[in-house]
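So the sequence shown is residues 1 to 329, counted in UniProt numbering.
Contents: one structure, followed by commentary.
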Amino acid sequence: MISIATKLTNKKTNFSECEAIIFDIDGVLVDVKKSYDEAIIKTVQLILIKNFNINLTNFPFQDLISKLRNTGGFNNDIDTAYSIVLIILYCILINKMNIDRTVQIFHNILEKLDDKGKDSVEKELEKLGNITSITKELRYPSDGDMISTLFDEIFYGPILYKKRFNKEPIYYFDEPLISNDILIIKESTIRLLSQKFNGNLGLISGRSKIASYFTLNNLKDYFNENACVFLEDEKREFSKPNAFSLHKVFDNLKLRSALYVGDSMADLLMVENFRKQTTEDRIFFCGVYGDGVNNKGSMDKKKLLKSNNADVIIKNVNDLPNILNNTKN
């Protein structure tokens with residue numbers, strides 16, 4: 001166990017002794033810009049060109065993906081792909097808007113979204129007009145819908161897709177984008193944290209167990225399996241910001257308190273939901289604002305984390321041992 005206190009958010013709140021650290025994976029332990037983010041973009045582009053003959057090349061996908069995640073309702077990347085497709089089809093297919101106007105509408109919608117994700121997008125679009133014809137054609141989410149299937153095939157690739165879903169791909173047979181995952185966390189960091197917390201390291205990720213362990217490779221052995229929750233393998237309603245996974249880890253390890261390390265509003269809201277449900281300060285939030293392996297800080301994300309009262313804010317997960325060593329109650 002290690003006692004830590006925050007100085008980085010200019011708050012005077014002291015942490016009690018934390019017994020474990022629980023990590024998000026994407027954006028914290030792993031840079032996913034060329035894997036998950038690219039899978040979103042590729043899925044959207046293929047759906048639009050193949051089904052609706054809409055070809056978007058110079059479209060600000062990455063910026064819009066980031067802004068959707070900042071609402072707290074888009075921990076599920078297939079929901080993100082669906083929502084982007086839905087807005088584009090409403091603007092371009094139904095209302096014949098140009099790209100600039102479409103982007104403007106997108107930003108207008110973003111300003112009104114809450115943490116209900118795709119449901120919030122549908123609600124805002126319904127205020128603008130009728131989207132029934134689009135939602136009926138997309139059939140998302142449903143068994144075997146094209147958006148989910150295409151995304152999973154692109155991300156996992158043929159071999160892992162068959163292993164994960166026990167069936168052959170039907171749309172995509174090229175290299176898996178999961179291979180573009182880049183580890184941010186160093187083994188020296190994980191080893192040090194494992195020693196400090198007596199092996200009580202956990203994971204709460206929107207990924208499947210197969211995808212998580214594929215990318216973490218040997219680093220997976222540093223994590224306590226009883227403290228790992230892979231939300232793609234759980235019921236849809238348990239996704240972040242639902243606090244289900246935190247309750248599961250706390251119950252499994254019989255924890256009194258822990259530090260959760262995440263990079264998104266969904267992570268922060270999950271922690272807040274857990275606090276409301278337990279009415280105790282048993283969980284503390286460390287927000288990571290760095291932009292992947294390049295360690296380029298996202299000032300927008302840093303500002304977002306600070307304005308939403310993250311307990312600790314760091315640029316890179318590898319800074320964590322230093323922070324823990326240099327802060328005391």
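We put the CB at the ideal spot given by N, CA and C, even for glycine.
Assign methionine 270 to one of two classes, buried (16 or more other C-beta atoms within 10 Å of its C-beta) or exposed (fewer than that).
buried
With a CB to CB cut of under 7 Å and the five nearest residues on each side skipped, what residues in its chain are close to isoleucine 92?
Ile54, Thr102
Please state whether DSSP places aspartate 311 in a helix, a strand or coil.
coil
Just verifying my parser: in three-state terms, what is the DSSP assignment at valine 28?
coil
Take phenylalanine 214 and list the residues in its own chain whose beta-carbon comes closer than 7 Å to its own, dropping the five residues that flank it on each side.
Leu160, Ile178
Cβ separation of isoleucine 134 and threonine 149, assumed to be a contact under 8 Å, to the nearest whole Å
About 18 Å separates the two Cβ atoms, so there is no contact after all.
Taking the beta strand (DSSP E) that serine 205 falls in, what are its first and last residues?
201–205
Can you round the beta-carbon distance between leucine 176 and phenylalanine 155 to whole angstroms, since I take them to be within the 8 Å contact cut?
Correcting the residue identity first, residue 176 is proline in this sequence and not leucine. Correct: roughly 7 Å between the Cβ atoms.
Output the boundary residues of the alpha helix (DSSP H) element that contains tyrosine 213.
209–216
Cβ-based burial, glycine 144 [other Cβ within 10 Å; buried from 16]
exposed
Glycine 129 - containing alpha helix (DSSP H), residue span:
Glycine 129 -> no alpha helix (DSSP H), and no H or E assigned at all.
Start-to-end residues for the alpha helix (DSSP H) that takes in valine 44:
36–52
Buried or exposed: where does threonine 189 fall if 16 or more other Cβ atoms within 10 Å of its Cβ makes it buried?
buried
Below 8 Å on the Cβ atoms is my contact criterion, and I expect alanine 266 with glycine 72 to pass it. Report the Cβ-Cβ distance as a whole number of Å.
5 Å
For isoleucine 182, which of helix, strand or coil comes out of DSSP?
strand
Give the C-beta separation of isoleucine 131 and leucine 193 to the nearest angstrom, bearing in mind that I take them to be a contact with Cβ-Cβ under 8 Å.
With a Cβ gap of about 46 Å, isoleucine 131 and leucine 193 do not count as contacting.
Nearest to isoleucine 210 by alpha carbon, out of Arg164, Lys235, His107, Ile94?
Arg164
With the cut-off set at 8 Å, would you say valine 30 and aspartate 263 are in Cβ contact?
no
Name the residue from Asn166, Phe151, Ile185, Gln195 whose alpha carbon lies nearest to the alpha carbon of aspartate 174.
Phe151
Tell me which same chain residues have a C-beta within less than 6 Å of the C-beta of lysine 112, skipping the five on either side of it?
Glu124
Per DSSP, cross-strand counterpart(s) of tyrosine 260:
Ile22, Phe285
Would you call the CB atoms of alanine 227 and isoleucine 22 closer than 8 Å?
yes
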